[in-house]
Structure formats: structure tokens, C-alpha cells
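Chemist: If you scroll down you'll find the structure; I have some questions about it.
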Amino acid sequence: GVASLSGLLLSGRYLIEVLWSPGAGHLADRFSHIKFILIAMPLLCATMIFFSFQTHLFPGVLAAGVIFLTGTALRVALDAT
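See below:
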């Protein structure tokens with residue numbers, strides 16, 4: 001049920017953080033941290049707005065994945081600046 005989905009989403013978040021952090025750091029180093037932040041921040045905001053209006057499961061789970069990806073990317077880029 002809901003607890004299983006929450007567990008899967010949380011484990012997915014940490015898996016994304018472990019796997020995506022090095023790639024996000026490489027991209028931020030390659031294309032400038034500021035540019036990377038200026039791309040990731042609006043994407044994160046737009047996805048959070050999209051997520052807040054979801055009533056169906058599948059688009060909400062996809063939006064959560066994008067939120068996790070962009071959140072990790074922002075965390076890495078902001079830590080490096």
C-alpha cells in the first residue's frame with residue numbers, strides 16, 4: 001500500500017543521490033556552477049508545482065523522480081560554490 005510506495009520512493013531518492021551526484025558534479029564543473037544552478041532551479045520549481053496538482057499515481061511518481069534528480073543536482077552544485 002502507501003507504506004510500500006513511500007519506502008520505494010525514499011530508497012529511490014537515496015539511490016539517485018548516490019548514483020547521480022558524481023555525474024551532476026561533473027556537469028556542474030564542466031558547464032559552470034552558476035549556469036547549472038540557473039537551469040536546475042527553475043526545473044525543480046516547475047516540477048514541484050506540477051507535483052502539487054497531481055491526483056494520479058504515475059505522474060506523481062515520475063515528478064518525484066525528477067524532483068529527486070534536480071534536488072541532488074542543486075545540492076551538489078551549491079556545495080561546490
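Numbering (the numbering used here), first residue to last: 1 to 81.
Every residue gets a Cβ at the ideal spot worked out from N, C-alpha and C, and that includes glycine.
1. Beta-carbon separation of S21 and T72 under 8 Å?
2. Contact between the region 8–17 and the region 39–58: three or more CB pairs below 8 Å?
3. Which of helix, strand or coil does DSSP assign to F68?
4. Could you tell me the alpha carbon to alpha carbon distance between L9 and A77, rounded to whole angstroms?
5. Rounded to whole angstroms, how far is the Cβ of I34 from the Cβ of F51, which I believe are closer than 8 Å?
6. Going along the chain, which residues of its own chain have a beta-carbon closer than 8 Å to the beta-carbon of A80, five neighbours each way excluded?
7. Which term fits L69, buried or exposed, when burial requires 16 or more other beta carbons within 10 angstroms of its beta carbon?
Modeler: Here's the rundown:
1. To locate residue 21, count along the sequence shown from 1; it is residue 21. To locate residue 72, count along the sequence shown from 1; it is residue 72. Against a cut-off of 8 Å, the Cβ pair of T72 and S21 comes out as a contact.
2. no
3. Along the sequence shown, read from residue 1 onward, the residue named residue 68 stands at position 68. Of the three classes helix, strand and coil, the one that applies to F68 here is helix, per DSSP.
4. Position 9 of the sequence shown holds residue 9. Position 77 of the sequence shown holds residue 77. Computed Cα separation, rounded: 23 Å.
5. In the sequence shown, counting from the first residue as 1, residue 34 sits at position 34. In the sequence shown, counting from the first residue as 1, residue 51 sits at position 51. Not quite, the Cβ-Cβ distance comes to about 26 Å (not below 8 Å), so this is no contact.
6. Translated into positions along the sequence shown, residue 80 becomes position 80. The residues are G25, A28, D29, H33.
7. Mapped onto the sequence shown, residue 69 falls at position 69. Classification of L69: buried, given that the 10 Å Cβ count is 16 or more.
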